[in-house]
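Protein chains in written order, with the working numbering: chain H, 1 to 336; chain V, 1 to 568; chain B, 1 to 306.
The structure under discussion appears below in the form of structure tokens.
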Amino acid sequence: MLTFTLRRLLLAIPTLLFISLIIFLILDLAPSDPTASLPLTIPPEVRAEIRASLGLDEPMVVRFALWLQQFFINEPLNLLEQWTGLSFGDGDRTRVISWQTRSPVVDIIAQRMPQTLWVVGTSYVVGILIAVPIGVISAYRQYSWFDQIGTFVSMLGFSVPTFFTGVLFIVIFSVQLGWFPSVYDTTHVVTDWASFVVQLKQIIMPVMVLGLYNASQISRFMRASMLDNLNQDYVRTARAKGMTERVVVLIHVLRNSMIPVVTVIALGVPQVFGGAIITEQVFKVNGLGQLLIVAIQSGDIPTVQTLTFIFAVLIVLFNLIADVLYGVLDPRIRYD
Amino acid sequence: MKLRHLMLGAAAAFALSPAAALAERGSDGQLNIIYWQAPSTLNPYLSGGTKEVEAASLVLEPLAGFDNNGELVPRLVDEIPTVENGGVSEDLTSITWVLSEGITWSDGSPVTANDAVFTWQYCTDPEGGCAQASYFDGVESVEAVDDRTIRINFTAPKPFPYTALVGAESPLIQAAQFADCLGAAAPECTEANFGPIGTGPFVVTEFRPNDVITYAANENYRVPDQPAFATVVFKGGGDAASAARAVLETGEFDYAWNLQIDPTILAEMEANGIGEVVTAFGTSVERLHLNQTNPDPALGDMRSTLEGGEHPFLTDPAVGQAMSMAIDRALLVEIGYGAGGQATCNVLPAPELYASTANDDCLTQDLEGAAQVLEDAGWVDEDGDGVRERDGIRLSVLYQTSTNAVRQDTQALVKQWWEEIGIEVELRNIDASVFFGGDPSSPDTFQKFYADIEMYTNNFAGVDPEAYMANWRCNEIPGPDTQWQGSNIQRFCDPAYDALVDEMAQTAALEERGRLAQEMNDMLVQSYSIIPLIHRGGVSAHAVTLEGVRMSDWDSELWNIAEWSRAE
Amino acid sequence: MTDLANVNEQQGYRAPRNQWWDVWDQFKTHKGALFGLGFFVFMLLFVYVGPYLWPIDATYIDIRARNQGASWAHPMGADQLGRDTLARMMAGGRTSIAVGLTAMALSLLLGTFVGVIAGYFKKLDGPLMRLTDLFLALPLLPLLLVIIMLFRDTLRSTFGPENGIFILIVFVIGITSWMQAARIVRGDVLALKEREFVLAAKSIGTPSHRMITRHVLPNVMSPIMVSATLGIANAIITESALSFLGLGFPSDYPTWGRLLFDGTEWLQRNPERVIWPGLAISLTVLSVNYIGDGLRDALDPRIRGR
């Protein structure tokens with residue numbers, strides 16, 4: 001398993017380089033433009049100059065090479081310098097600069113990370129914690145009232161989009177009841193209990209909205225997979241051996257049912273870092289999702305490229321983790 | 001300590017400015033502003049977007065700005081230079097500004113004429129990609145006559161010299177702070193771009209790009225009892241409806257910008273009584289452009305170019321006239337714009353001096369009349385499919401615009417009216433970043449105009465329409481040879497019109513300029529290559545407890561934020 | 001299915017009973033599935049036959065009726081331009097159900113194909129999964145802009161404006177949403193491949209294609225079914241997002257997702273504008289879910305025997 005993991009990690013490097021090239025090609029081909037959001041009163045000559053100052057008049061290959069150099073050499077070196085206090089070379093390195101803000105993309109990403117992890121991360125954990133037990137109970141007591149309600153709620157949760165549930169929550173809890181703020185304060189810092197309560201209040205609505213959506217999806221896969229396994233012969237054998245129901249269900253069946261669930265969860269983790277575009281928009285969380293969508297809308301190629309690349313790294317990594325976990329869950333699966 | 005500070009402040013305010021003794025600097029706590037599009041930088045020269053310009057206007061100031069009536073108001077100077085007071089030279093080739101005595105930057109250092117010279121150099125550096133470069137068009141040089149006197153020389157007589165360093169788009173920046181940021185180095189000065197030192201009522205305490213800005217009152221602001229607010233939080237993100245909700249329904253914010261949402265919903269939110277909606281009109285006009293060239297895909301690269309030939313039917317003024325007559329502009333306003341729109345028949349609706357009244361017949365819808373115009377011009381429905389034709393050409397149009405809820409409603413209404421008079425309509429909406437992005441490889445930009453009709457809003461900055469009216473010269477027609485750059489979107493070409501443009505550039509007398517502009521406007525509108533629909537204003541909302549808002553569309557909306565205060 | 005059954009019945013008891021007949025028997029005992037099927041048929045009738053009974057045009061603007069609540073003239077109310085919501089629900093459902101089903105089918109076909117092949121053939125596993133990683137990593141919006149820029153005009157001239165856009169949307173949703181199904185199916189196949197019955201089948205020389213269709217596919221049906229239900233909801237919502245961005249159907253062309261999106265602003269004033277499309281989407285997805293449940297049970301010989 002170790003050699004497999006190492007081999008995959010090595011293989012990931014060319015894969016990621018290739019992915020980054022494809023992403024760059026797509027972004028380059030896409031018909032968006034960094035000056036599109038400027039008022040029409042700004043004349044075309046000025047727009048052409050702005051584009052030139054962004055380096056857009058260079059050929060595509062040059063721009064891609066520049067990005068590679070900035071992202072893979074300059075940024076890590078800068079980080080090293082910051083951490084160690086040593087200096088490498090003359091220190092005059094161009095960083096990946098966003099076209100909208102004209103500031104280093106990596107700094108903005110670091111600035112956005114906390115709110116995204118708070119909101120999207122919490123909601124994902126909440127989603128999983130709700131979904132797994134619901135899926136298990138629903139399958140164990142198939143067609144009971146618990147299962148029926150669970151099915152109904154999860155179908156509702158998955159098919160009603162977050163742009164609607166978010167607004168509904170705001171109307172009920174912010175406008176009518178006045179319990180929670182409708183605008184997320186990204187500058188809020190948690191220092192003590194009181195500020196933690198404030199933080200809880202401002203994340204509770206986005207977390208509920210996203211958590212419901214995530215839980216719906218995961219619980220469906222959990223339930224289906226449990227159902228498949230509950231009728232297997234080994235379950236009958238285990239029961240016949242006189243094992244308690246608890247052990248049969250929670251140890252044997254659950255473990256064997258985890259493969260699709262692990263896949264779904266692993267696929268979802270990169271999205272935690274990708275942010276939740278719509279939910280962030282509705283609650284004005286301004287995390288990574290908002291950063292990405294604003295960058296796409298304003299044709300900010302360096303930001304989109306950097307963000308999607310980080311996203312790609314996480315996807316490759318978590319799919320690898322899922323593959324390793326398959327082997328742990330079911331030792332018969334071998335890759336070597 | 002707070003009390004002492006309060007009393008000291010009150011005493012100072014009383015001593016210095018008895019007229020405004022009610023307020024004092026920093027006494028009204030925090031002001032919360034929400035812009036649903038978040039500013040990405042605070043340097044207006046690096047980003048020309050409205051949101052950046054307005055966020056920066058709390059900090060950076062021009063020599064003079066415009067008030068809510070479009071009148072020039074001095075900011076860093078004592079009086080506006082004119083020919084009469086000798087500030088503008090007789091031959092109109094230079095203007096001389098004199099800074100007020102004792103103006104300082106927020107760091108305490110004095111503002112000098114060198115800062116103005118530096119600002120000009122900063123924005124005109126060929127490698128800087130300055131977004132506001134057009135404000136310095138025609139400027140030959142900016143010189144510091146002495147510490148307080150700035151002379152701007154023009155290459156040619158400039159009848160309207162109030163562009164460079166006037167208005168929120170071209171404010172003064174501090175030479176000391178930006179000295180190392182000229183040209184290609186401009187984007188590397190992140191700290192300066194995110195926290196410019198200015199002369200305005202507030203200073204930046206924290207800037208988070210595309211998210212939130214916090215400001216504090218400028219201790220060195222020139223008016224001693226202003227601003228009334230100690231801090232400002234300028235939050236970005238979300239959408240127009242949620243911004244409106246935050247001011248009008250939950251009361252979390254005091255001011256929200258650009259609330260282009262359904263007027264019925266806005267009115268209902270306003271009825272809660274915690275906030276009110278304010279509007280201001282500038283020169284924005286929502287209009288239809290009727291392609292005068294042929295957009296037929298079969299033409300390949302010649303689509304929508306002069307070489308591709310005339311449009312099969314939109315060059316017939318009768319068709320354009322019928323289309324215009326069939327539209328009920330008042331209803332479009334009522335449904336999509338509410339207080340933020342007025343029906344108009346002119347591409348140049350304001351200022352008053354330039355606004356024509358010759359076309360006002362279009363304000364009333366006349367479907368029968370429109371059908372009759374088509375009938376008389378020989379467009380009849382021969383095969384009974386509900387669509388008129390003449391010589392085998394069917395009146396069938398592709399009508400495109402950018403993606404925006406109000407525009408899509410307008411499209412649906414207009415489509416219905418046109419279909420009633422026998423014109424077939426297909427609708428298309430294109431993402432704004434593509435539509436307004438000038439990417440020459442995309443078929444969907446508004447300049448390429450691969451459609452019969454398109455709709456969007458345009459306006460001009462400031463109060464002088466000369467450059468705007470020059471948009472419709474023949475040589476402004478976009479085409480492949482100019483990378484599709486060019487502002488004559490509908491491809492209108494008339495030598496008589498070009499002659500008027502040239503005449504205006506030579507004319508200094510205001511009355512005469514007004515007459516010329518009106519004549520050009522009428523010529524355009526009566527060619528029916530352009531159909532003006534709605535004179536659009538800005539729509540914002542503020543809490544009822546917020547006093548002093550004088551909404552303007554001629555300058556930054558927040559132009560007088562120093563005077564805002566909290567009602568008891 | 002029923003035709004086949006009839007044929008069997010006429011032949012009396014001589015012919016062995018067709019297994020689909022057993023499946024149908026089992027399906028019938030599943031109350032939820034029957035109810036789901038009934039509702040789904042009702043929805044199909046509503047959107048396809050409904051317009052004949054309720055002949056108002058979905059794009060007709062009756063300005064006097066705007067923002068009206070429910071009335072006899074407009075049983076589900078009217079929108080901000082006075083377009084009839086009932087007519088729009090019918091027209092919108094036609095598009096949404098068609099897009100939902102075909103896009104889901106396309107993405108499942110692709111996903112299952114890739115997943116089974118990758119899981120079953122060890123050599124193809126690496127390349128196919130790296131391809132999946134690539135597709136997962138692609139930024140959706142710019143990709144859509146590119147696809148639409150490249151293909152819209154061609155499709156529009158070949159298939160006409162509406163069919164062209166339909167094909168484009170189905171294609172776009174299909175190729176951007178197959179990855180999850182592929183990963184899940186592959187995971188299951190990897191585990192399945194090591195099970196005794198597969199080894200047994202292999203040892204008697206069953207060729208790969210038969211292995212896959214007879215032994216592997218039937219055993220990964222349940223995650224596929226779940227993906228199918230979730231896929232329909234996903235396709236309906238994605239379509240509305242695309243149309244909203246101007247990348248999908250023209251703005252006056254209603255779909256359920258679009259109606260729900262447009263209605264969200266009116267949540268407080270005209271709640272029926274969100275309730276109807278919201279219910280329609282959820283209940284349709286729910287009914288498909290129950291049909292899927294029933295089918296899964298019916299297809300599982302272990303359950304069928306009980």
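Glycine included, C-beta positions come from ideal geometry on N, C-alpha and C.
Discussion item. Using the three-state DSSP reduction, which class does V:L58 fall into: helix, strand or coil?
Written reply: In the structure shown, V:L58 sits in coil (DSSP, three-state: anything other than H, G, I, E or B).
Discussion item. I'd like to check one pair, V:D381 with V:V373: are the Cβ atoms closer than 8 Å?
Written reply: No; because the gap between Cβ atoms is not below 8 Å, this pair is not in contact.
Practice prompt. Give the interface partners of H:N74 over in chain V, defined as CB-CB distance under 7 Å, in chain order.
Written response: In chain order: nothing, as chain V lies at least about 13 Å away.
Worksheet item: Looking only at C-alpha atoms, which of V:E503, V:W97, V:N69 sits nearest to V:T149?
Response: The candidate whose alpha carbon is nearest that of V:T149 is V:W97.
Practice prompt. Could you tell me whether the region 509-527 of chain V touches the region 342-358 of chain V, where touching means 3 or more Cβ pairs closer than 8 Å?
Written response: With the cut-off at 8 Å, the region 509-527 of chain V and the region 342-358 of chain V touch.
Practice prompt. Answer yes or no: do H:R223 and H:G327 have a C-beta to C-beta separation smaller than 8 Å?
Written response: No, the pair does not count as a contact, with Cβ atoms beyond the cut-off.
Item to complete: Note down, in chain order, every chain V residue with its Cβ under 7 Å from the Cβ of H:Q69.
Response: Near H:Q69 there are no residues of chain V at all, since even the closest Cβ is about 17 Å away, more than 7 Å.
Worksheet item: What residue range is occupied by the uninterrupted beta strand (DSSP E) comprising V:G537?
Response: It spans 530-543 - the beta strand (DSSP E) in which V:G537 sits, taken as one unbroken run.
Worksheet item: Under three-state DSSP, which class holds V:K235?
Response: Per DSSP, reduced to three states, the secondary structure at V:K235 is strand.
Item to complete: May I have the straight-line CA-CA distance separating H:S138 from B:G32, to the nearest angstrom?
Response: One C-alpha to the other measures close to 15 Å.
Fill in: Residues near H:K201 in its chain [Cβ-Cβ closer than 8 Å; skip 5 each side]
Excluding residues within five positions, the ones whose Cβ falls inside 8 Å are W179, F180, P181.
Worksheet item: Going by beta carbon distance, what residues of the same chain come within less than 6 Å of H:L117, once the five residues before and after it are set aside?
Response: There are no such residues.
Practice prompt. Let me know the beta strand (DSSP E) ranges lying completely inside the region 382-457 of chain V, each 3 residues or longer, listed in chain order.
Written response: Runs of beta strand (DSSP E) with 3 or more residues, each lying fully within the region 382-457 of chain V, are found at 396-402, 424-430, listed in chain order.
Worksheet entry | Whole-Å CB distance - V:S402 paired with V:E54, under 8 Å assumed | Contact flag wrong, Cβ pair sits at about 21 Å.
Worksheet item: Can you tell me whether DSSP reads H:H252 as helix, strand or coil?
Response: For H:H252, the three-state secondary structure derived from DSSP is helix.
Worksheet item: So who's on the other strand from H:A36, going by DSSP bridges?
Response: Note: H:A36 sits in no beta bridge, so no partner.
Worksheet item: In chain order, what residues of the region 176-191 of chain H put their CB closer than 9 Å to some CB of chain V?
Response: Within the region 176-191 of chain H, the qualifying residues are G178, P181, S182, V183, Y184, D185, T186, T187.
Worksheet item: Comparing the C-beta of B:L286 with each C-beta of chain H, is any distance below 8 Å?
Response: At a cut-off of 8 Å between beta-carbon atoms, B:L286 makes contact with chain H.
Discussion item. Using a Cβ-Cβ cutoff of less than 7 Å, which residues in the same chain neighbour B:W256 once the five nearest sequence positions on both sides are dropped?
Written reply: If we look at B:W256 and ignore the five residues flanking it on each side, its Cβ neighbours are G92, G93, S96, I236, P277, A280, I281.
Discussion item. If we require 4 or more residues per run, which alpha helix (DSSP H) segments fall completely within the region 138-222 of chain V?
Written reply: Runs of the alpha helix (DSSP H) inside the region 138-222 of chain V: 175-178, 190-194.
Worksheet entry | Contact the region 227-241 of chain V vs the region 85-97 of chain V: 3+ CB pairs below 8 Å | Between the region 227-241 of chain V and the region 85-97 of chain V, the count of C-beta pairs closer than 8 Å stays below three; the two stretches do not touch.
Practice prompt. Write down every uninterrupted run of the alpha helix (DSSP H) in the region 76-120 of chain B whose length is 4 residues or greater and which is fully enclosed by it, in chain order.
Written response: Correct list: 85-120.
Item to complete: Using beta-carbon positions only, say whether H:V285 and V:T250 come within less than 8 Å of one another.
Response: Going by C-beta atoms, H:V285 is not nearer than 8 Å to V:T250.
Worksheet item: For B:Y290, which of helix, strand or coil comes out of DSSP?
Response: B:Y290: helix per DSSP, three-state reduction.
Practice prompt. Below 7 Å between beta carbons is the criterion; list the residues of the region 448-475 of chain V that meet it against any residue of chain H, in chain order.
Written response: Answer set for the region 448-475 of chain V: N458, N459, F460, A461.
Worksheet item: Got a sec? Which residues, its chain only, sit under 8 Å from H:L337 by beta carbon, not counting five neighbours each side?
Response: Summary: the structure shown does not reach residue 337 of chain H, with chain H confined to residues 1 through 336, and so no result is reported for it.
Worksheet entry | Beta-carbon spacing of V:A580, V:V145 below 8 Å | Nothing can be reported for residue 580 of chain V, as the shown portion of chain V is limited to 1 through 568.
Worksheet item: If you run the structure through DSSP and keep just helix, strand and coil, what is V:A358?
Response: Residue state for V:A358 is assigned as coil, using DSSP reduced to three classes.
Item to complete: Tell me whether V:V223 is buried or exposed, calling it buried when 16 or more other Cβ atoms sit within 10 Å of its Cβ.
Response: It counts as exposed.
Fill in: Three-state secondary structure assigned by DSSP to B:E194
The three-state secondary structure of B:E194, taken from DSSP, is coil.
Fill in: Chain-ordered neighbours of B:T264 on chain H, where CB pairs are closer than 7 Å
Simply F163, F164, V167.
Discussion item. Less than 8 Å between C-beta atoms, sequence neighbours within five positions excluded: which residues of the same chain meet that for H:I42?
Written reply: So the list reads T35, once near-sequence residues are dropped.
Item to complete: Give the DSSP-derived three-state secondary structure of B:A5 in the structure shown.
Response: Unreliable placement is indicated for B:A5, whose pLDDT of 46 sits below 50; no coordinate value is reported for it.
Practice prompt. Starting from the beta carbon of V:Q526, find every residue of chain B whose beta carbon is closer than 7 Å, and list them in chain order.
Written response: Near V:Q526 there are no residues of chain B at all, since even the closest Cβ is about 29 Å away, more than 7 Å.
Discussion item. Mapping the DSSP letters down to three states, classify B:T255 as helix, strand or coil.
Written reply: B:T255 falls in the coil class under three-state DSSP.
Item to complete: Measuring alpha carbon to alpha carbon, tell me which of V:R75, V:E286, V:T315, V:G282 ends up nearest V:V111.
Response: V:V111 has its Cα closest to that of V:R75, out of V:R75, V:E286, V:T315, V:G282.
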